Amino acid sequence: MRPIVFCTVSLLGLGLLVSAGCTSENGPERRVITGRVTYQGQAVPSGEIRFIPLGEGPASAALITDGVFEIAHRGGAVIGPAKVTIVSVPVADGLSQDELDKGIQKKTIAIPKKYNSNTSLRADIQSGSGKQTIDFDLTNSSASVRPRAPKPGESQVLPS
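For the sequence shown, position 37 (counting from the first letter as 1) is numbered 38 according to our numbering, and the numbering increases by one without interruption.
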């Protein structure tokens, strides 16, 4: 009887150690971010958006396709204030091999450096459940960064 009790206690203790090790380092709190990016009123056809925490934590990035993005990798962007960079990139979809060989690219939007390498864009990633939706309306002169209520069919943004 004693060996059974010893084995049971040992297994329970090992289980507690393993589970404690798994939960002690979860990293920073994150949230999935969705939204739209426009420049001069046009949806950015193809690009990248990156949220860089102003505090501790890793940056999070996503592709922009037809003006829409979603940062969900690793649970989303780190909660708190973040610097935001947005770049437009050429799209190769729909081009023939001959067009690719000639260096032809679909039209891209040249987004000013003040939104990427010299960015002043900021966003506040709020704690809460569900997706947080943030739209970026960029122009030559200014930018509007605004949380918005989801449209029908989009995930509900719940208050934190």
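Built from N, CA and C at the ideal position, the CB exists for glycine as well.
Just so it is clear, the structure is predicted and the values come from calculations on it, not from any experiment.
Cβ pair residue i, residue j closer than 9 Å
| i | j | result |
| --- | --- | --- |
| residue 72 | residue 34 | yes |
| residue 53 | residue 60 | yes |
| residue 69 | residue 31 | no |
| residue 125 | residue 58 | no |
Option in the options with minimal Cα separation from residue i
| i | options | result |
| --- | --- | --- |
| residue 43 | 74, 111, 85 and 57 | 111 |
| residue 131 | 76, 57, 137 and 121 | 76 |
| residue 140 | 28, 36, 27 and 40 | 40 |
| residue 65 | 57, 120 and 51 | 51 |
Residue i, enclosing beta strand (DSSP E) - first and last residue
| i | result |
| --- | --- |
| residue 84 | 81-89 |
| residue 48 | 47-54 |
| residue 71 | 69-72 |
| residue 133 | 133-139 |
| residue 38 | 34-40 |
| residue 63 | 61-66 |
Residue i burial status per 10 Å Cβ neighbour count (16 or more: buried)
| i | result |
| --- | --- |
| residue 143 | exposed |
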